[in-house]
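Report on the structure given below.
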Amino acid sequence: MRHFSYQRAASVEDAVRAGPGAAFLAGGTSLVDLMKLEVLNPSRLVDVSRLDLRGIEARPDGLRIGACATNSEVAAHPEVKRRFPVLSEALLSGASPQLRNVATVAGNLMQRTRCAYYRDLATACNKREPGSGCAALEGWTRMHAILGGSERCIALHPSDMCVAMAALQAVIHVRGPNGERDIPFGDFHLLPGEHPEREFALEPGELVLSVFIPFSAAGMRSRYVKVRDRASYAFALASCAAGLEIASGKIRAAQLALGGVGTKPWRVPEAEQALQGQSPERVAFQRAAEIAVRGAQTRRDNAFKMELARRTAVRALTLAAEGA
Amino acid sequence: MPPNPGRRDVLVGGIASAIGLGLLDGCATVPTAPAAAAPSDLVDLSLEVNGQRRALRIDPRTTLLDLLRENLGLTGAKKGCDMGQCGACTVLVDGQRIDSCLALALQVEGRKVTTIEGLARGEELHPMQAAFIEEDAFQCGYCTPGQILSAVALLAEGVADSDGAIREGMSGNICRCGAYPNICAAVRRLRGRG
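Chains A and B are the protein sequences, given in the same order. Residue 378 in my numbering is what sits at position 240 of the first sequence, and the numbering runs on without skipping anything. Residue 131 in my numbering is what sits at position 127 of the second sequence, and the numbering runs on without skipping anything.
Following this line, the structure appears as structure tokens:
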């Protein structure tokens, strides 16, 4: 690990003031790991974990979750379980109890890819070292993205929580040197394009304060399905967050996002629209799943993800239709 | 690997690679050892370990695991993968289980840390330690301190209400000897005893 200076922020204002040029430290499960590998080398760490950013608060129109609430706290919260079962299930399907006790909401939003080449200093990676190339393109791609990639990067977004939040259309509230603002969830993670090193829509020094999730009928009838190489404690091969509002035997509103397949959490509004007005049955789910993976580009080791993602989506929609 | 590897280096390297083989990103290059911090870079840290107040001056880069093992000589928490994937370094912080390899020691300033060395009361084993012996829940023993602390926390969390929930709740602790059935039996033995 490289040398760094460490500062415990006394207040949000203090953290934001210290922010530009520094890395914010919350749980550290991702950042400390990558600092040990020397993939991330911040010269200054600003510890925000003791700030009052841990609360989970019900508002009239939604739930506001503090940036430093841990995965365990959010997953176990009664209002989260009641209003957004998909979020609780997604969180509990990720990592291990030890990691969930420490990992935070904001840290999970900013979780870096698990691409083996990104984590290996001996290989080329445009995300880690812009312009160095991408070893994954001709490499082992079983765990790489089939949606949203570019000729410079096909690194998979690894989060489960983010897939649920994308489907629920959360809003991320941040504060920076120029004040506070909201970022719609779909705009927060950037596609790699020409600049895979740019991963988030955050300006220098901006600190995530909270995530707001609007209440919805579909959110209350939502499920998360994750398929992985072993029964627990593994990243997704494919996953799906699905929520349905059903009235008079028809789908009134749908929420759908895929994980394990995209360079960012993969919400597909067209697939959601295709479900509207349909009977909650297999034929409609299959058509939505087909739309959800449209444009996918598979490689040598991940062609199976097309079919797996479709079936995972159909499964999640079926469970959502069945209700709790 | 250093020129004259000691037993611990060989052991740790061997286990790290064994775990790496089974996991997806185990092929990362390990950077060279960092330069020692200059005395001016050292920072103060105060915390409670196994009921004892400890005040130290440390390199800010020190992980909680290294602090316990190298600075405090508590080698019960093990360095398996050193990347949060095996659970051999599990300790309790304010009663909650965490992977100590992924926490900077500075993050636990003022907190109460419990390691395997702090679990027994004098010569009297903690019930979970006794259950592991009764159920023959280990072979080589390397993962055992982490398994036991994880199991203690799991019961405190109150979610181990079925065998499936025990397996899921213990999934953050890898055992390469494959003692899982007996580990689950040890947890089951104590479940419901309060």
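No residue lacks a Cβ here, since even glycine has one placed at the ideal position from N, Cα and C. From a predicted model like this one, the values you see are computed outputs, not experimental measurements.
| Item | Value |
| --- | --- |
| Any C-beta of chain B under 8 Å from that of T279/A | no |
| 6 Å CB neighbourhood of A32/B in its chain, flanking five on each side removed | Bear in mind that a pLDDT of 46 at A32/B, under 50, signals an unreliable position, so the model cannot answer this. |
| Close beta carbons around N186/B, own chain, < 7 Å, minus the five adjacent residues each side | E139, D140, A141 |
| Chain A contact for A109/B (CB, 8 Å cutoff) | no |
| Boundaries of the alpha helix (DSSP H) in which C378/A is found, first to last residue | First-last for C378/A: 376–385, but that is the beta strand (DSSP E), not the alpha helix (DSSP H). |
| 8 Å Cβ cutoff, R65/B in contact with chain A | yes |
| Beta-carbon proximity list for D29/B, same chain, < 7 Å, skipping 5 on both sides | Because D29/B sits at a pLDDT of 44, beneath the cut-off of 50, its placement in the model cannot be relied upon, and the point is left open. |
| Residues of its chain near N239/A, where Cβ-Cβ distance is below 7 Å and the 5 sequence neighbours each way are ignored | T208, S210 |
| Neighbour flag for P101/B against chain A, beta carbons, 8 Å | It should be noted that the sequence gives Arg, not Pro, for residue 101/B. By this cut-off, R101/B is an interface position. |
| Separation of P322/A from A339/A, as counted between CA atoms | 10 Å |
| Candidates L69/B, G196/B, A124/B, G145/B: closest to M87/B by CA position | L69/B |
| Euclidean distance between Cα positions of G343/A and P334/A | 20 Å |
| Residue from V363/A, A409/A, S417/A with nearest C-alpha to S386/A | S417/A |
| Contact set for P86/A: own chain, Cβ-Cβ below 7 Å, skip 5 residues either direction | What the structure shows of chain A is the stretch from 139 to 462, and residue 86/A is not part of that stretch, so it cannot be assessed. |
| Collapsed DSSP secondary structure at F472/A in the structure displayed | Only positions 139 to 462 of chain A appear in this structure, which leaves residue 472/A out of reach. |
| For P352/A, the three-state DSSP class (helix, strand or coil) | strand |
| Residues within the stretch 161–189 of chain B neighbouring chain A, beta-carbon criterion of under 7 Å | E172, G173, S175, G176 |
| Reduced DSSP category for S210/A - H, G, I as helix; E, B as strand; rest coil | helix |
| Sequence ranges, alpha helix (DSSP H) only - wholly within the stretch 272–345 of chain A, length at least 4 | 299–305, 323–326 |
| Under the three-state DSSP convention, the category S231/A falls into | coil |
| Limits of the unbroken alpha helix (DSSP H) element including F423/A | 420–430 |
| Cross-strand partners of F162/A (DSSP beta bridge) | V184/A |
| Residues bridged to D190/A [DSSP beta-bridge criterion] | Paired residue(s): none; D190/A is not in a bridge. |
| Contact between the stretch 153–162 of chain B and the stretch 172–186 of chain B (3+ Cβ pairs under 8 Å) | yes |
| The beta strand (DSSP E) enclosing I102/B, as first and last residue numbers | 100–103 |
| Start-to-end residues for the beta strand (DSSP E) that takes in T118/B | 116–118 |
| Any chain A beta carbon closer than 8 Å to D48/B | no |
| Counted within 10 angstroms of its Cβ, other Cβ atoms place N8/B as buried (16 or more) or exposed | Unreliable placement is indicated for N8/B, whose pLDDT of 48 sits below 50; the coordinate value is still reported in the next sentence. It counts as exposed. |
| Cβ-based neighbour list, E428/A, same chain, cut-off 6 Å, excluding 5 preceding and 5 following | none |
| Length of the line joining the Cα atoms of G397/A and S297/A | 7 Å |
| Sufficient close CB pairs (3 or more, under 8 Å) joining the stretch 222–239 of chain A to the stretch 143–156 of chain A | no |
| Own chain residues within Cβ distance below 6 Å of I384/A, not counting five before or after | P418 |
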